[in-house]
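Each remark here refers to the structure printed beneath this line.
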Amino acid sequence: MLANTQGIEDAHPQSAKGSKPALSLTGISKSFPGVKALSEVALELYPGEVTALVGENGAGKSTIVKILTGIYQPDEGEIVIDENRVTFPTAQDAGKAGVTAIHQETVLFDDLSVAENIFIGHAPKTRLGLINRGEMLNQAQNLLNRIGASIDPHVTLRELGIANKHLVAIARALSIDASIVIMDEPTASLSHKEIEETYELVERLKAEGKAILFISHKFDEIFRIADRYTVFRDGQMVGAGRIKDVSERELVKLMVGRSVDQVFPKRAPELGKEVLKVVGYSHPTEFEDIGFTLRSGEILGFYGLVGAGRSEFMQALFGVTRPSKGAIRIDDQVAVIRDPNEAIGHGIVYVPEDRGKQGAVKGLPIFQNISLPSLKETSRNGFLRLVEEFRLARDYTKRLDLRAAALDQDIGELSGGNQQKVVIAKWLATKPRVIILDEPTKGIDIGSKAAVHEFMAELAAEGLAVIMVSSEIPEILGMSDRVIVMREGRIAAEFEGPDLTPEHLVRAAAGIVEARP
Amino acid sequence: MSLATHQASTGRQIPDRLKTPLRRFLASWELLLLCVAVAVFILNSFASPYFLDPWNLSDATYNFTEKAMIAFAMALLIISGEIDLSVASIIALASTAMGFALQLGAETPLLILTGLGVGLLCGAFNGFLVTGLGLPSIVVTIGTMSLFRGISYIVLGDKAYTGYPSEFGFFGQGYVWWVITFELVLFAVTAVIFAILLHRTNFGRAVFAIGNNPVGALFSGIRVTRVKFALFLLTGLMSGVAAICLTSRLGATRPSIAFGWELEVVTMVVLGGVSILGGSGSIPGVAIAAFVMGMVTFGFGLLNVPGIVMSIFIGLLLIAVIALPRIVRQILARRKA
Amino acid sequence: MIHSLIKSRETVLAMAILVLVGAIASRFPAFVAPANLVNVFNDTAPLIILALGQMVVILTRCIDLSVAANLALTGMVVAMLNTLLPDLPVPLIMVIAIGLGSVMGLFNGLLVWKLDIPPIVVTLGTMTIYRGIIFVISGGEWINAHEMSDAFKAFPRDVVFGLPVLSWIAILVLIGFIVLIGRTALGRAFFAVGGNPHAAVYTGINVGLTQCAAYIISGALAGLTGYLWVARYAVAYVDIAGGFELEVVAACVIGGISIAGGIGSVGGALLGALFLGIVKNALPVVNISPFWQLAISGSAIIIAVAFNATSNRTKGRVILKKAEHAT
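Chains as they are written, first to last, in this note's numbering: chain C, 1 to 517; chain W, 1001 to 1337; chain L, 2001 to 2327.
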């Protein structure tokens, strides 16, 4: 799916003549304290067409979705639907105007029935104004049939898988007779087959004349199902047009504002002796029979689809959950890890994917975040020594080139990239042997990404053993000496040297088996 | 591995502190409370000529000393994101147990051990239910609040234990020097111990970390359940200490002893600047808040205002202390917009 | 799965109640005489009414500890009204009681909604405030039977079709709740707000407003019960129904209403209240001191919440294919 390079030079902000837009936004601005999230953006959606909204994290995509669904009110600008100017003071108003959204994590109600989920807020009523149960179930069944979903409207939502929950969300969209459907990364956590079904549904919605806003990070699907594109960058609309007039490369260029041939640091790995050996690690529901070895100075990549069990395994290795079977050897000594404290004691540290929840302790100042796992070293007999904590924080923040006003500033006030630096600093301060980085560059800007990659290479050069979990193929290929591919909780394959190709990784992750010598 | 010195020239130096400690103090809740305390003191001395009498003042300290001892432990618990509503019931059960031991012929040292032991046991029970079984502390301690006091009612019914030995009376009635009561000294000592524990030790840092982000704390190697269990133990223990002082002061145990104290203790903690949602607060703040509440109660007493009216004031105070900053914030936000 | 679990949970509770009643009946057959069962139900009626009100509050992830104080204050106000204006008709008194209760509920609701103060703090605070106000308006005096008008006292005790009016009111409230919970948008909104507040916003439900509505309902029912209570026992004083809020919460928790919000049923609340009511009425029959009551409700709360937690525990992600088939 490499770019077709026959694209044209300029983006096309003007829409094609012919059909009139079902919805158009002009001059929309929205500010939050200290941040301008959107500045005078424009967006047009056309009936029977899919418009892909692309942009990096923080470009303002979710803000525009919230404005379109009545969660946020724009500071300036206007929303026009079918040539009428509208405002959405509440989410209900957006629904009434025919706008509905299907979100990445399905935001529905696990403990209500499927029919109730479809009709919450606008259930059919009897003459007394009560909910007409029978009618509601009937209509729900009809809607589900219409989208080809075989779901019983009586069952509670909790019993359904993610893909079926999406279908319920779509049925809900149809039930309010929405003319404008926003799909916010609908395929992010679906399997291959479920993704295909989602595409079919999008086609069906198109055929019904819905105007669809499709938000996605996956370029292959954008080029497959979108008719138009709109690109946001740093809260501004930087390009729009027909998808057939643009190449992938141009789209990426618009997104990041510069050419993006990602450069990874050149490394000459000097592998030392074996530091970590994992044998037969298993968990009742999450992963099974994971085994590998890791040497100092090595960067070991873990690739796989979202939900392949990589983070779950790493958290077990770090002691957050306990394996049912398996053993670890560190420096050829058997090690037992029952909680993170013991993992840290053995020199294994973990930079989690969910930075806000698991990484940064927001509310504590930067220096206390850094000293948190090292308090044994900075304190004396259990009593804090702030001087030592500040010294530690100063050393490591300097090394990571942290940008902050002061070390006693709340970590929550920093940008995502800088929070990540503090989290990494906190772990380096424990002088680890093995550092596990789980999606270390997810959701941080391109500049910080390169810095994290540089830094990872440096750590390995200094003799640390690095495990990197990543779902980005360029990152995995650019950084790893060796890659383990996980699929459905098991190790599917291991590649190194010339075998380390995108095709191999993708095939192994997707479970496409072939005879290999 | 010279991680620290490596590359030091490229990074920029970030200053340690944005504000000096003095400037922090000047903008602190504690200073505001201190001003309130002074104001209440002055108002009281105008309101009644009897207020400034040292013996009266000494008596007035009983209004807050016992509750404050629990409040210090409760402050840690609330900062960690949990709560214990059973403290008053622990007092009832611990006091009942002491009375029961007294009937069996126990002397003062054994009475003390009984009080502390029952407090610890109750704390351990709460701690086990919350950290061992993973139950929400609000419901658990509403349950144990009924259970602990319920046991006292089963044991005592409408009777009372009396006849505590005279040397036992020292804990709630004795003076250490001139007008300085034993309880006041105990209050001061526990305040210092808890202040050091919360603000100067690794344990205290763990409490703050857990209160701000329990998952993040766990992922940083803090043994969250152990710390929380210890906090429930500590709260139980301090309730036991309060039970000894209160029983000694009253000289009798009834099952209704310390009824409704949980509310006053929580109010004291919140008034002291501890966030009810966890994550922030200070022991000096709680100590000053205890003093303020004690002086206000005493002032009302001097003006012959009945106790239950006092409780209206406490209820209003609890809500107002949390509501006012939020109202101010909302007004400020509106003005900005 | 959860749905059937709640269903089965209610059957478990219903079975437990039957076993309990059976065990008592085997030793003391008089306990299951129809007249006595009517008595037990009538005795439990206030608890049923309040538990239903508390249920909607808990469904929205809140808690209302002020119900008993609300009840006592409303009871005192209507009793004082009755002594001042003995001719005030009972329906009007009930309207006043419901209105006053609603206002107190509204006060709780506004603090939770507009100022975002944790519900436990709000209602702990208002609990003492409402109690304190009783003292202020009554001067700590009791209002006794002879000061109340006959019509005022008689209404809840009048027997219609074999049941006292108090019982009929509980039944009416129960029916009202079956309709409210199952057949109205507000009823479903309670579940939505508690189950997934974030999603509720996206479906156009105002979370704070819904919580406020729950408090108003709880307050209105507490007010109604305030009149019924004072009239039935023909006495009003500062401490009536002291600590009753704990029994109400206990009934809900025993009835399987999840304190984390979003899960519960009318049947559960009813059964939870009946369980406590039967225990309370059985104690004197089986010769156990009423002083056991408090400890029993405390234990029941703890056991029930532990039971809820273990049956609702969220499992981790199921990744392994064989594990998927196993569950």
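We put the beta carbon where it would ideally sit given N, CA and C, even for glycine.
{"Item": "Does the beta-carbon distance from Val1179/W to Ser1048/W come in below 8 angstroms?", "Value": "no"}
{"Item": "Quick one: using the 10 Å Cβ neighbour count with 16 as the cut-off for buried, is Lys1067/W buried or exposed?", "Value": "buried"}
{"Item": "Using only alpha-carbon positions, find the residue among Ser1282/W, Val1265/W and Val1266/W that is nearest to Gly1273/W.", "Value": "Ser1282/W"}
{"Item": "Beta-carbon of Gly1285/W versus every beta-carbon of chain C: anything under 8 angstroms?", "Value": "no"}
{"Item": "Tell me which residues of the stretch 2172–2185 of chain L have at least one Cβ-Cβ distance to chain W shorter than 7 angstroms, keeping chain order.", "Value": "none"}
{"Item": "Taking Ala405/C as the query, report the chain W residues whose CB atoms sit under 7 angstroms from its CB, ordered along the chain.", "Value": "Leu1018"}
{"Item": "Just to confirm, is the Cβ distance from Gly301/C to Met456/C under 8 angstroms?", "Value": "no"}
{"Item": "Just checking, does the stretch 222–232 of chain C make contact with the stretch 37–57 of chain C on the three C-beta pairs under 8 angstroms criterion?", "Value": "yes"}
{"Item": "So with CB distances below 8 angstroms, who are the chain L contacts of Ala1323/W?", "Value": "Leu2111, Leu2115 and Ile2117"}
{"Item": "Assign Val260/C to one of two classes, buried (16 or more other C-beta atoms within 10 Å of its C-beta) or exposed (fewer than that).", "Value": "Bear in mind that a pLDDT of 49 at Val260/C, under 50, signals an unreliable position, so the model cannot answer this."}
{"Item": "Please classify Ile2240/L as buried or exposed, where buried requires at least 16 other C-beta atoms within 10 Å of its C-beta.", "Value": "buried"}
{"Item": "So, does the CB of Arg1205/W fall closer than 8 angstroms to a CB anywhere in chain C?", "Value": "yes"}
{"Item": "Would His154/C be called buried (16 or more neighbouring beta carbons within 10 Å of its own) or exposed?", "Value": "exposed"}
{"Item": "Between which two residues does the beta strand (DSSP E) holding Ile299/C run?", "Value": "Ile299 to Tyr303"}
{"Item": "Find the nearest neighbour of Ile2263/L within the set Gln368/C, Pro124/C and Leu112/C, judged by alpha-carbon distance.", "Value": "Leu112/C"}
{"Item": "What are the start and end residues of the beta strand (DSSP E) that includes Asp1158/W?", "Value": "From DSSP, Asp1158/W is part of no beta strand (DSSP E); its letter is neither H nor E."}
{"Item": "Flag Asn418/C as yes if its beta-carbon sits less than 8 angstroms from any beta-carbon of chain W, otherwise no.", "Value": "no"}
{"Item": "Please decide whether Gln73/C counts as near chain L, where near means a Cβ-Cβ distance under 8 angstroms.", "Value": "no"}
{"Item": "Contact criterion: CB-CB distance below 8 angstroms. Does Thr1144/W meet it with respect to chain L?", "Value": "yes"}
{"Item": "Here's the rule I'm using: 16 or more other beta-carbon atoms within 10 Å means buried, otherwise exposed. How should Trp1029/W be labelled?", "Value": "buried"}
{"Item": "Taking Ala2045/L as part of the alpha helix (DSSP H), name the residues at either end of that continuous run.", "Value": "Pro2034 to Leu2059"}
{"Item": "When we look at the beta-carbon of Leu1303/W and count the other beta-carbons within 10 Å, is it buried (16 or more) or exposed?", "Value": "exposed"}
{"Item": "For chain C, is any of its Cβ atoms less than 8 angstroms away from the one on Ala2079/L?", "Value": "no"}
{"Item": "For Leu1198/W, which residues in chain C fall below 7 angstroms Cβ to Cβ?", "Value": "By Cβ distance, chain C contributes nothing, its closest Cβ being about 11 angstroms from Leu1198/W, past 7 angstroms."}
{"Item": "In whole angstroms, what is the alpha-carbon distance linking Pro2029/L and Gly1240/W?", "Value": "45 angstroms"}
{"Item": "Could you tell me the distance, in whole angstroms, from the CA atom of Glu221/C to the CA atom of Leu2320/L?", "Value": "27 angstroms"}
{"Item": "Does the Cβ of Ser324/C have 16 or more other Cβ atoms within 10 Å, making it buried, or fewer, making it exposed?", "Value": "exposed"}
{"Item": "Pull out every residue of the stretch 264–294 of chain C whose Cβ sits closer than 7 angstroms to any Cβ of chain L, in chain order.", "Value": "Pro284, Thr285, Glu286, Phe287 and Glu288"}
{"Item": "Taking buried to mean at least 16 other C-beta atoms within 10 Å of its own C-beta, is Phe2152/L buried or exposed?", "Value": "buried"}
{"Item": "Nearest-angstrom Cα distance between Met183/C and Ile215/C?", "Value": "6 angstroms"}
{"Item": "Report the partner residues of Pro2164/L according to the DSSP bridge assignment.", "Value": "Val2159/L"}
{"Item": "For Thr1253/W, which beta-bridge partners are listed by DSSP?", "Value": "Tyr1161/W"}
{"Item": "Where in the stretch 2176–2215 of chain L do unbroken runs of the beta strand (DSSP E), each at least 3 residues long, occur, reported from the N-terminal end onward?", "Value": "none"}
{"Item": "Please return the same chain residues whose Cβ sits closer than 8 angstroms to the Cβ of Phe1246/W, not counting the five positions on each side in sequence.", "Value": "In the sequence as presented, Phe is not what sits at residue 1246/W; that position holds Leu. Correct list, in chain order: Glu1066, Ile1091, Ser1095, Gly1172, Ile1257 and Ala1258."}
{"Item": "Whole alpha helix (DSSP H) runs in the stretch 1215–1262 of chain W with 4 or more residues, listed along the chain?", "Value": "1224–1250"}
{"Item": "From what residue to what residue does the alpha helix (DSSP H) around Asp2150/L run?", "Value": "Asp2150 to Ala2154"}
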